[in-house]
Amino acid sequence: WEFQVGPSVGIEAGDHIWCARYLLERITEQAGVVLSLDPKPIEGDWNGAGCHTDY
């Protein structure tokens with residue numbers, strides 16, 4: 001699944017991402033799910049996937 005943050009303006013985006021990652025870590029911890037922030041968490045052909053940014 002995909003996890004998104006925003007919209008946010010300027011440097012506020014950094015604050016949003018820190019808070020969002022913290023919440024995501026706590027939720028996955030409680031649910032017993034493994035969290036990886038690696039854009040390509042498993043081996044294979046990931047051409048065009050991971051770490052994209054939309055403006």
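So the sequence shown is numbered by the UniProt record's numbering: it starts at 1 and just counts up by one. Heads up, the beta-carbon is just placed ideally off N, CA and C, and yes, glycines get one too.
Annotated three-state conformation of Gln-4 is coil, per DSSP. Taking the CA atoms as reference points, Cys-19 sits about 10 angstroms from Glu-25. Annotated three-state conformation of Ile-42 is coil, per DSSP. By the CB criterion at 8 angstroms, Val-5 and His-16 fall inside the cutoff.
One thing to note: Leu-35 has its Cβ within 8 angstroms of the Cβ of Thr-28.
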